[in-house]
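Using our numbering, you'd call the opening residue of the sequence shown number 455 and step up by one each time.
For reference, the structure is listed below as structure tokens.
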Amino acid sequence: MAYRPIFSVLIMLAAGPVSAGSLPNPVLLVADFNDRTLNVQIGSGGAVVGEPVSISSGLQAVVRPAGVLPTPSLQLKQSATGAARFATFEFLGGEEVTTGKLSVFMVLKPATLDRFLVGIREGSGGAAKEFASLLFKSDGEIALNDVNPTVTLSSTYSAGQVLVFEFIYDLDAGTYDLLLNNASD
């Protein structure tokens, strides 16, 4: 069976004040894969070790050396056809950010033009607790879903393109900014 790479991923999440007396900008997840063993399936030890908490059956999540991206990255490959599969990351200690600012930074490199979904969700509430999701369409469009109707971003993607996303949430105001490759979209 031939495997086709889906994404190479680099993720970092940081929050503003989580509770009174906390650090001003605590980092709740760094998944940079710099200290991971290369070319093997990643574990599911969670944020404390920069790993997902779960990986769906039928999905390979292999740490690849620098080259595809400038630093080691997580390559996600579907090893079977059918249902959607996910690598799920959570905040350190299962922390939930409900106030202040939250920054979600990720670098994605889709290997092919296909249909991919990247969701940013709160806790275990599923789609009902989704902050936003990015839908990569097979025609190269990128759509954004949040509490508002789906919008197509003014940017597109191509196979092999490096895409740098940063969501900057102001949870108190109920707003966010999205930067794609360091520019507002």
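Even for Gly, the Cβ is constructed at its ideal location relative to N, Cα and C.
Counterpart residues of residue i in DSSP-defined beta bridges
i, result
"S608", "Per DSSP, none; premise fails for S608."
"Y538", "Note on identity: in this sequence residue 538 is Ala, with Tyr being the wrong assignment. DSSP output for A538 lists no bridge partner at all."
"V517", "L528"
"D624", "K555, T629"
"A637", "L634"
Where the beta strand (DSSP E) through residue i begins and ends
i, result
"S510", "Here S510 belongs to no beta strand (DSSP E), and DSSP marks it neither H nor E."
"V573", "Just to set this straight, residue 573 is Gly in the shown sequence, not Val. First-last of the beta strand (DSSP E) with G573: 570–575."
"A613", "No beta strand (DSSP E) contains A613, which DSSP labels as neither H nor E."
"K555", "555–562"
"T629", "629–634"
"L598", "595–599"
"L492", "Segment: none, L492 is in no beta strand (DSSP E) and carries neither H nor E."
"Q551", "Here residue 551 is Val; the residue named in the question, Gln, does not match the sequence. No beta strand (DSSP E) contains V551, which DSSP labels as neither H nor E."
"L567", "L567 -> no beta strand (DSSP E), and no H or E assigned at all."
"E584", "584–590"
"L530", "527–532"
Residue i vs residue j beta-carbon contact at 7 Å
i, j, result
"L528", "V517", "yes"
"Y611", "G594", "yes"
"I509", "A501", "no"
"I574", "F585", "yes"
"F621", "L632", "yes"
"L482", "L567", "no"
"V507", "E549", "no"
"L598", "L571", "no"
"G512", "S533", "yes"
"R569", "S587", "no"
"T553", "D626", "yes"
The ligand ZN heavy atom lying under 6 Å from the CB of residue i
i, result
"Q529", "For the ligand ZN, the structure offers nothing, since it holds no ligand at all."
Chain-order list of residues whose beta-carbon lies under 6 Å from that of residue i (same chain, five-residue window excluded)
i, result
"G475", "Summary for G475: the model assigns pLDDT 41, below 50, so the residue's position carries little reliability, and this model does not support an answer."
"V605", "L598"
Sequence-distant residues of its chain with Cβ nearer than 8 Å to residue i (five each side left out)
i, result
"L492", "V517, R518, P519, P526"
"Y457", "Summary for Y457: the model assigns pLDDT 34, below 50, so the residue's position carries little reliability; its value from the coordinates is reported in the next sentence. Contacts found: Q514, K531, Q532, S533."
"S638", "D631, L632"
Neighbourhood of residue i by C-beta distance below 7 Å, restricted to the same chain and skipping five residues each side
i, result
"P459", "Residue placement at P459 cannot be trusted, given a pLDDT of 42 that sits under 50; what the coordinates show is reported in the next sentence. Result list for P459: Q529, K531, A565, in chain order."
Closer than 7 Å to chain D by CB, residue i
i, result
"G512", "In the displayed structure, chain D is absent; only one protein chain is listed."
contact_flag[the segment 491–506, the segment 555–570] where n(CB pairs < 8 Å) is 3 or more | Short answer: they don't touch.
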